[in-house]
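*Asks:*
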Amino acid sequence: MSGIALLVLALATIAMRAAGPAAPTLAARLARRATGLAPALLAALIVTQLVDDDGLPAANEASAGIAVAAVLVVARVPVVLCVAAAALVTGLLRL
Amino acid sequence: MSAPRRGHSLTATVASIAVAAFVFGASFGVLATGEGIPGWQAVAASATVFAGAAQFAALSVQQDGGSSLAVVVTGVLLNLRYLVTGAAVASALPGGLGRRAATAQLVVDESYALGAAAGPPGRPDAGVIVRVGSALWCSWVGGTFAGVLLGDRLGDPGSYGLDAAFPALFIAILWPLVQHRSAAVAAFGGAGVALVLAPFTPAGVPLAAAAVIGLVLSR
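Respectively, the protein sequence lines represent chains A and B.
Sequential numbering from 1 applies to the first sequence in our numbering.
Sequential numbering from 1001 applies to the second sequence in our numbering.
(1) Check the DSSP bridge columns for P57/A and list the partner residues they point to.
(2) Please determine, among P1124/B, A1184/B and Y1160/B, the residue with the shortest C-alpha to C-alpha distance to I1171/B.
(3) Which chain B residues are close to A58/A, counting only those with a beta carbon under 8 angstroms from its beta carbon?
(4) Look up A1003/B in the DSSP assignment and say whether it is helix, strand or coil.
(5) What are the start and end residues of each continuous alpha helix (DSSP H) run of 4 or more residues lying completely inside the stretch 1045-1127 of chain B, in chain order?
(6) Taking a contact to mean a Cβ-Cβ separation below 9 angstroms, would you say G36/A touches I1213/B in this structure?
(7) In whole angstroms, what is the alpha-carbon distance linking G1096/B and R1153/B?
(8) Less than 9 angstroms between CB atoms is the rule here; does D1163/B satisfy it with respect to chain A?
(9) Taking beta-carbon pairs under 7 angstroms, can you tell me which members of the stretch 21-38 of chain A lie near chain B?
(10) Taking Cβ-Cβ distances shorter than 9 angstroms, what residues in chain A pair up with L1080/B?
(11) Counting only beta-carbon atoms, is G1034/B nearer than 9 angstroms to chain A?
(12) Would a C-beta distance cut-off of 9 angstroms place V47/A and A1194/B closer than the cut-off?
(13) Quick check on G1158/B: does DSSP put it in helix, strand or coil?
(14) Would V1049/B and Q1055/B be called neighbours here (beta carbons separated by less than 9 angstroms)?
(15) What separation, rounded to the nearest whole angstrom, lies between the Cα atoms of L1031/B and L1059/B?
(16) Could you tell me whether the stretch 15-35 of chain A touches the stretch 1158-1173 of chain B, where touching means 3 or more Cβ pairs closer than 8 angstroms?
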């Protein structure tokens, strides 16, 4: 990602964090209109990692690792271990 | 997350999430270096953006060949939640506007959760937010620095399966959210539209469409 993209993301994030204390009512109103944003984006980020270069769902080493992590998350295993398991399974399958 | 009140239990909780932040920070540094991002930019991103989900998401859009615009939009949309947490802690923060806006930079998911748990309902403990937030900032930035240094020696992060770490982290963040029905509906909507668009559109478009669906499905 270009340095400009990172800079814009950084400035926007700093502004959003500062907006709460600066204008609490406006920030709260904006936020209430966007409750579905994070879940929809996160879900999209997950499924777009599960597709191959043609954009079709793929059964590969990474999908296997991600599936293991999903099971561990649901089983309430600490996040770090879930993520480590995903990387470990994927890495081992690629050996 | 467990919500201990004071003293030892808080220190123990902070220590464990600080270790986790260091490890995640290091993997961000390794992956960013693998994507050709200069080390100082990766460290600067951790110091200023200071948000794991947005940084990893931006990196994964980039990895899929998304444009700079898609990278920024994805990160910004994911960080919109800091408007909520910022508004929620606003009244609890000490000092004038400038100092409160500066302190609010230490509000991340973990420091907000622990601060909210430590104070009475509706009034998060500002001291806890500052302590937890600063500890996390140090380990997140320090971890990124370590990852950048390591990244050069490790080579291709893919051979360690680190690319599977992104979605695993997103699942861990998403799972507690979708316990609420409206969030679950938004998640299904976003995933569905992204899957439908993925074969036909360049990287970033499925995510933008998912964001639109998420906004439409917000109650």
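Yeah, the Cβ is synthetic: ideal placement off N, Cα and C, and Gly gets one too.
None of the values given here were measured: they were computed from a predicted structure.
*Replies:* Looking at the coordinates:
(1) V51/A
(2) A1184/B
(3) The premise fails here: A58/A is roughly 11 angstroms from chain B at the closest Cβ pair, so nothing lies under 8 angstroms.
(4) Since pLDDT at A1003/B reaches only 45, below the 50 mark, its modelled position is unreliable, and no value is offered.
(5) Taking only runs of at least 4 residues, the alpha helix (DSSP H) segments lying wholly in the stretch 1045-1127 of chain B are 1052-1063, 1068-1079, 1081-1089, 1097-1103 and 1109-1118.
(6) Between G36/A and I1213/B, the C-beta spacing is below 9 angstroms.
(7) R1153/B has its alpha-carbon roughly 46 angstroms from the corresponding atom of G1096/B.
(8) True, the Cβ-Cβ gap to chain A drops below 9 angstroms.
(9) P21, A22, P24, A27, A28, L30, A31, R33, A34, T35, G36, L37 and A38
(10) M16, L30, A31, A34, L37 and A38
(11) no
(12) yes
(13) helix
(14) yes
(15) 8 angstroms
(16) The stretch 1158-1173 of chain B and the stretch 15-35 of chain A do not touch, with fewer than three beta-carbon pairs separated by less than 8 angstroms.
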